[in-house]
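Below you'll find the structure, written out as structure tokens, and then a few comments.
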Amino acid sequence: MRIAITREPAFENCHFSGLDGGLNSLRSNTFHWAARSLLIWSGNREHEPHSYPDVMAVAIYPGSFDPLTNGHLDILTRGSHLFDQLIVAVLQNSQKQSLFAVAERVEMLNEATAALPNVSVLSFEGLLVNCARECGAQVIVRGLRSPSDYEFEEQLATLNRRLSPQLDTIFLVATESNRAISSRIVKEIASLGGDVTSFVPPHAAAALRAKYASR
Ligand code: PNS
68 MRIAITREPA
78 FENCHFSGLD
88 GGLNSLRSNT
98 FHWAARSLLI
108 WSGNREHEPH
118 SYPDVMAVAI
128 YPGSFDPLTN
138 GHLDILTRGS
148 HLFDQLIVAV
158 LQNSQKQSLF
168 AVAERVEMLN
178 EATAALPNVS
188 VLSFEGLLVN
198 CARECGAQVI
208 VRGLRSPSDY
218 EFEEQLATLN
228 RRLSPQLDTI
238 FLVATESNRA
248 ISSRIVKEIA
258 SLGGDVTSFV
268 PPHAAAALRA
278 KYASR
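Numbering (the working numbering), first residue to last: 68 to 282.
Quick look at the structure:
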């Protein structure tokens, strides 16, 4: 199978915001060859990577981002260096109570990624594999903070691959300073009046303060 993104796919369950639809911005660096080679060798071993000059490596980084943390920012920034296009996909889950509305989470991410030209942000409902397919993503990026994260992430990756065999998951290990940070703990600290400025970007800290002040 040839992996090539030549046009914008029809988005049904995914809602892009900002950055010109997201699929026009490309950035080249040497890591892209590693990402492309990995995609091609894992998905189609009969061809050499160098026979795919037009392959665009697209990855999707899904999550709840309720709220965005410095840990998320670390993973998405590093992911943006590995792939031509990194799509940050914010889950809109009507069955899960979130602190921030999906539009607020998308806005938070748009602000945080404004300086990353190959990153775009969207929200999605339903299965991640469907959103990934509609976006033309070949890889899911997830962050790992600890061995206990791996247990859940392995299950997620295995099931996603069962649902969509062409879709692989790549894990990026969190930078040490971010390993203890989670959205859940950040919310708890903020709700108790604690200072979260070293755990989240400044605008997320302000949004957290505003959210809890109005409660
Ligand atoms: O930041 P989170 O909450 O750990 O992210 C979890 C997320 C959004 C990646 C996961 O819940 C997800 O993919 N949800 C979409 C629904 C889906 O595809 N479920 C089947 C996974 S095998």
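Think of the CB as a built atom: it goes at the ideal place given N, C-alpha and C, for glycine as much as any other residue. Computed from a predicted model, the values in this text were never measured in an experiment.
| query | result |
| --- | --- |
| Is S213 buried or exposed, if buried means 16 or more other CB atoms sit within 10 Å of its CB? | exposed |
| Mind listing, in chain order, the residues whose beta carbon lies closer than 6 Å to a non-hydrogen atom of ligand 1? | P129, G130, S131, L158, L194, L195, L223, L226, N227 |
| Alpha carbon to alpha carbon, how far is G48 from N185? | The first residue shown for the chain is 68 and the last is 282, placing residue 48 beyond what the model contains. |
| So is P129 buried or exposed if we call it buried at 16+ other beta carbons inside 10 Å? | buried |
| Taking D235 as part of the beta strand (DSSP E), name the residues at either end of that continuous run. | 235–240 |
| Hey, how far is the Cα of V196 from the Cα of L234? | 8 Å |
| For the segment 191–269, list the beta strand (DSSP E) runs that are entirely contained and at least 3 residues long, ordered along the chain. | 206–211, 235–240 |
| Between M175 and L135, is the Cβ-Cβ spacing less than 9 Å? | yes |
| On the criterion of 16 or more Cβ atoms from any shown chain inside 10 Å, does L259 qualify as buried, or is it exposed? | exposed |
| Specify whether the segment 165–173 and the segment 138–151 touch according to this definition: at least 3 beta carbon pairs, one from each stretch, less than 8 Å apart. | no |
| Locate the beta strand (DSSP E) running through L153, then write down its first and last residues. | 152–158 |
| Could you check where the beta strand (DSSP E) with A126 kicks off and where it finishes? | 125–130 |
| DSSP on S187, reduced to helix/strand/coil? | strand |
| Let's see if you can read the secondary structure: which residues bound the alpha helix (DSSP H) around T144? | 137–149 |
| Tell me the rounded alpha-carbon separation between A273 and T264. | 9 Å |
| What number of angstroms, rounded off, separates the C-alpha of V125 from the C-alpha of V208? | 10 Å |
| Going by beta carbon distance, what residues of the same chain come within less than 6 Å of N245, once the five residues before and after it are set aside? | N137, G138, D141 |
| Quick one: using the 10 Å Cβ neighbour count with 16 as the cut-off for buried, is A271 buried or exposed? | buried |
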